[in-house]
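-15 is the number of the first residue of the sequence shown in my numbering; add one for each residue after it. Glycine residues also receive a C-beta, built at the ideal position from the N, C-alpha and C atoms.
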Amino acid sequence: MNSKPKIGVYVCHCGINISKTVDVDAVTEYASQLPGVKVARNYSYMCSDPGQLLIKEDIKKQGLNRVVVASCSPRMHELTFRKALAEAGLNPYYLEMANLREQCSWVHADREEATAKAKKIVASAVAKVRLLEPLEEKEVEVEPATLIIGGGIAGIQAALDIANAGYKVFLVEKTPSLGGKMSKLDKTFPTLDCSACILTPKMVDVASHPNIELMTYSQVEEVTGYVGNFQVKVRKKARFVDVDKCTGCGICGEECRLAGRIPNEFDEGMGKRGAIYLPFPQAVPAKYTIDPERCLFLTRGKCGKSPKCVDACPAGAIDFEQKDEIVEFKVGAIIVATGYDVFDATRKPEYGYGQYKNVLTALELERLVSASGPTGGQVVLGEGESAFVPKEIAFIQCVGSRDKSVGNEYCSRVCCMYTAKLAHLVKEKIPEANVRVYYMDVRAFGKGFEEFYDRVRREGVRYIRGNPSEAFKRGDKLVIKAEDTLTAKTLEDEVDLVVLSVGLEPRKDAREIIDLLRLSQSADKFYLEAHPKLAPVDTATDGVYLAGCAQGPKDIPDTVAQAKGAASSALILLSSGKVKVQAQVSSVDEATCRGCGYCVEICPYGAIELVTVNRFGHKVTVARVNEALCKGCGACAAGCLSGSIQQKSFKDSQILPQIAALGVKQ
Ligand SMILES: Cc1cc2nc3c(=O)[nH]c(=O)nc-3n(C[C@H](O)[C@H](O)[C@H](O)COP(=O)(O)OP(=O)(O)OC[C@H]3O[C@@H](n4cnc5c(N)ncnc54)[C@H](O)[C@@H]3O)c2cc1C
-15 MNSKPKIGVY VCHCGINISK TVDVDAVTEY ASQLPGVKVA RNYSYMCSDP
35 GQLLIKEDIK KQGLNRVVVA SCSPRMHELT FRKALAEAGL NPYYLEMANL
85 REQCSWVHAD REEATAKAKK IVASAVAKVR LLEPLEEKEV EVEPATLIIG
135 GGIAGIQAAL DIANAGYKVF LVEKTPSLGG KMSKLDKTFP TLDCSACILT
185 PKMVDVASHP NIELMTYSQV EEVTGYVGNF QVKVRKKARF VDVDKCTGCG
235 ICGEECRLAG RIPNEFDEGM GKRGAIYLPF PQAVPAKYTI DPERCLFLTR
285 GKCGKSPKCV DACPAGAIDF EQKDEIVEFK VGAIIVATGY DVFDATRKPE
335 YGYGQYKNVL TALELERLVS ASGPTGGQVV LGEGESAFVP KEIAFIQCVG
385 SRDKSVGNEY CSRVCCMYTA KLAHLVKEKI PEANVRVYYM DVRAFGKGFE
435 EFYDRVRREG VRYIRGNPSE AFKRGDKLVI KAEDTLTAKT LEDEVDLVVL
485 SVGLEPRKDA REIIDLLRLS QSADKFYLEA HPKLAPVDTA TDGVYLAGCA
535 QGPKDIPDTV AQAKGAASSA LILLSSGKVK VQAQVSSVDE ATCRGCGYCV
585 EICPYGAIEL VTVNRFGHKV TVARVNEALC KGCGACAAGC LSGSIQQKSF
635 KDSQILPQIA ALGVKQ
């Protein structure tokens, strides 16, 4: 270092968290004798205002040029103390933290041994701090626009909040319409609001908002760049319908040769559509789409003499020449709101789903009870002469949730309440029906949930505590085998309809977004937030936020609340106009780099690229770090085969003396 070190060491008691096990007076006295240390003090809470003031005054009055704070993990308070240094006029990167709490007092019981270890930790921090260099925090401009991926209620809410604040939103939805799963629901618990009535106005607002560019039937193909400056490529898939001309009149759908012959995804395959279709009556945009995998003309090149939709469309909107379109734009922030899949009930073959027609999933029952569903809201099973109204109905809870055998240990949080809702709706439509629910325990934790559960039981729905082992066919009936764990009796219950309360799972295509945005997954495979309590909508990628069931199972109120949280995080970034990027980044010594590219492979943030430079008249390949993308994880520095990459504040020349001071042989 250029100037003589004048180091201040500040030992924190952390209440009694550290001082109960470590003799802080002895550590302070020891620190005061270390080379270069000008002042050493201890205080009950160094992170408090008076604690920070001690440091600031010493910097100013004693001319300190380096500071060691011996307290907790740098994850807790490194930023607090960096700020204190900056406020006292010192470069904030002249700070080193010695972790006496997590790495010493919390993990040791013997006071003497803990104190001896604390002294070593402080000595090693002092050895390093004298070698630290000043770093500069750079700022980059923020593009005042947001990309939202997923047009369910989470994406819709986030889009409206950001657009209403005056910022541009690009909303990309994979399917032909906005709405997500909420658009499939009939009523919503616990208030029994009509789902479409509260959702459709928001869908229409999105489509007509001047600040929102809606891209349905589209997919994000590439995201490059970094916080504040993401470059996005979206594929708008060909609908083979000119959306500017299509009026949504529906004549094409009626005329299609395959009308009423293709299972409609919106009705969970129970209703039928044609090869040209509107997914559901309230779809937004109300524009028809041709299914390229089913359309006779697109798959066989022939549809009768000529495609009937072309002849029928009064607006001349059908366009078989249409091609996918790639659009590119720049955004400052990204919100991932891609939602969930319901558990595939065939993975629990003991319940007979896919084998017996009268075993349905709860989402299928949602479509049956819905007025816009395949039966116009009638709970009817079978077709034609064999159609009948089920009178004995059983729900089985926790299918695919809280179940280690299928790898889902978590609770899906919505099934107890949607079952209560569906049981109520079934009783409303078939008052004489006997409805029972087989459950492990009922989780009615939200506002109004317990009251709703009580109401449903008062309406005559029976709750039987027991997890059925199987459902099998006996004559026309299905038989549920279970043990009522409250009476310890084994049951064989004959029913007409079994409804499986399927859990919520990460989407099968979740990997696509992980690869695009370098997200992580939690143990349950939903996208991982930066911190479960303090940063629940942030991710490890700066400028990328999570909303709704993409992050984990949740109901609509929680989804909307989280979407608002994600929108406000994006808005904070956009409205600040600039963002600071990490200063402790890696840098490459281009004179020694061999350009092997190993660092490019191991960098988890895609922050390193190979470039060609001129070295003594020869063109050579070397690695170069994009400082805006680098997160300072150090993987490249550790992996570099020629030692050409060093991470600022963690250079070999800084770390090796630190290790030596611990008494570790190298
Ligand atoms: C049977 C059942 C009944 C329910 N009943 C209720 C109820 O009564 N009350 C209640 O509060 N909650 C209920 N829920 C929960 C409710 O469905 C969720 O809370 C809500 O749908 C979550 O919304 P979301 O936007 O996070 O996800 P989703 O609704 O899943 O929306 C995600 C959207 O993202 C799109 N998408 C996915 N991947 C991509 C991609 N890569 N690119 C572009 N777009 C993409 C999808 O197509 C979809 O439109 C119920 C759930 C089930 C299964």
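If you drop the 5 nearest sequence neighbours on each side, which residues of the same chain put their C-beta closer than 8 Å to that of residue i?
| i | result |
| --- | --- |
| Tyr447 | Arg420, Val421, Tyr423, Val426 and Arg441 |
| Val6 | Leu84, Cys88, Ser89, Arg95, Ala98, Thr99 and Ala102 |
| Glu412 | none |
| Ser504 | Ile498, Tyr511, Leu512, Thr523 and Ala524 |
Quick one: what's residue i bridged to in DSSP?
| i | result |
| --- | --- |
| Thr130 | Val153 and Ala317 |
| Leu280 | Paired residues: none, contrary to the question. |
| Lys286 | Looking at the DSSP assignment, Lys286 forms no beta bridge with any residue, so it has no partner. |
| Cys686 | Look at the range of the chain in this structure, -15 to 650, and you will see that residue 686 is not part of it. |
| Pro247 | Lys256 |
| Phe372 | Leu365 |
| Gly(-8) | Val23 and Val51 |
| Ile235 | None, per the DSSP bridge assignment. |
| Lys564 | Glu123 |
Taking a contact to mean a Cβ-Cβ separation below 8 Å, would you say residue i touches residue j in this structure?
| i | j | result |
| --- | --- | --- |
| Gly288 | Arg241 | yes |
| Arg331 | Glu252 | no |
| Gln566 | Gly616 | yes |
| Gly527 | Ile318 | yes |
| Leu488 | Val343 | no |
| Leu116 | Arg50 | yes |
| Ile43 | Ala70 | no |
| Gly590 | Arg495 | no |
| Val8 | Val(-5) | yes |
| Lys517 | Pro490 | no |
| Ala259 | Ile246 | yes |
| Leu347 | Lys168 | yes |
| Asn213 | Val153 | no |
| Glu376 | Glu478 | yes |
| Val11 | Gly(-8) | no |
| Gln642 | Ser570 | no |
| Cys181 | Cys236 | no |
Can you list, in chain order, the residues of its chain whose CB lies under 6 Å from that of residue i, leaving out five sequence neighbours each side?
| i | result |
| --- | --- |
| Lys(-12) | none |
| Phe65 | Val53 and Leu79 |
| Tyr210 | Ala612 and Leu613 |
| Lys307 | Ala222 |
| Glu454 | Glu334 and Lys465 |
Can you tell me where the beta strand (DSSP E) holding residue i begins and where it ends?
| i | result |
| --- | --- |
| Leu484 | Leu481 to Val486 |
| Gly209 | Ser202 to Tyr210 |
| Ile196 | Ile196 to Met199 |
| Ala70 | Counting along the chain, Ala70 falls outside any beta strand (DSSP E), though it belongs to the alpha helix (DSSP H) covering Pro58 to Glu71. |
| Phe456 | Glu454 to Arg458 |
| Thr596 | Ile592 to Arg599 |
| Ser570 | Ser570 to Val572 |
| Ile302 | Unbroken run through Ile302: none, as it is neither H nor E. |
Apart from the five residues just before and just after residue i, which ones in its own chain have a Cβ nearer than 7 Å to its Cβ?
| i | result |
| --- | --- |
| Val225 | Lys271, Tyr272, Thr273, Ile274, Ala301, Ile302 and Asp303 |
| Val584 | Ile592, Glu593, Leu594 and Ala607 |
| Leu530 | Val320, Tyr511, Glu513, Val521, Thr523 and Ala550 |
| Val294 | Ile302 |
| Cys395 | Ser385, Arg386 and Arg427 |
| Met(-15) | Its pLDDT being 48, under 50, Met(-15) is placed unreliably in this model, and the value from its coordinates should be taken loosely. Around Met(-15): Arg114 and Leu115. |
| Arg397 | Pro537, Lys538 and Asp539 |
| Thr172 | Ser179 and Ile540 |
Could you tell me the boundaries of the alpha helix (DSSP H) in which residue i lies?
| i | result |
| --- | --- |
| Leu555 | Ile540 to Ser560 |
| Ile0 | Unbroken run through Ile0: none, as it is neither H nor E. |
| Met401 | Cys399 to Lys413 |
| Val124 | First-last for Val124: Lys122 to Glu125, but that is the beta strand (DSSP E), not the alpha helix (DSSP H). |
| Thr469 | First-last for Thr469: undefined, no H or E at that position. |
| Gln141 | Ile137 to Asn148 |
| Arg351 | Ala346 to Val353 |
| Ser108 | Arg95 to Val113 |
| Lys44 | Asp33 to Gln46 |
| Asp437 | A quick correction: the sequence has Tyr, not Asp, at residue 437. Where Tyr437 is concerned, the enclosing alpha helix (DSSP H) stretches over Phe433 to Arg442. |
Using beta carbons (cut-off 8 Å, strictly below), is residue i in contact with chain C?
| i | result |
| --- | --- |
| Leu462 | The displayed structure is made up of one protein chain only, and chain C is not part of it. |
Can you tell me whether residue i sits near ligand 2, meaning its C-beta is under 7 Å from at least one heavy atom of the ligand?
| i | result |
| --- | --- |
| Val326 | Ligand 2 is not among the ligands present in this structure, which contains only ligand 1. |
Unbroken stretches of the alpha helix (DSSP H), 4 residues or longer, contained in the stretch 603 to 638: DSSP runs (the alpha helix (DSSP H)) wholly in the stretch 603 to 638: 619 to 623.
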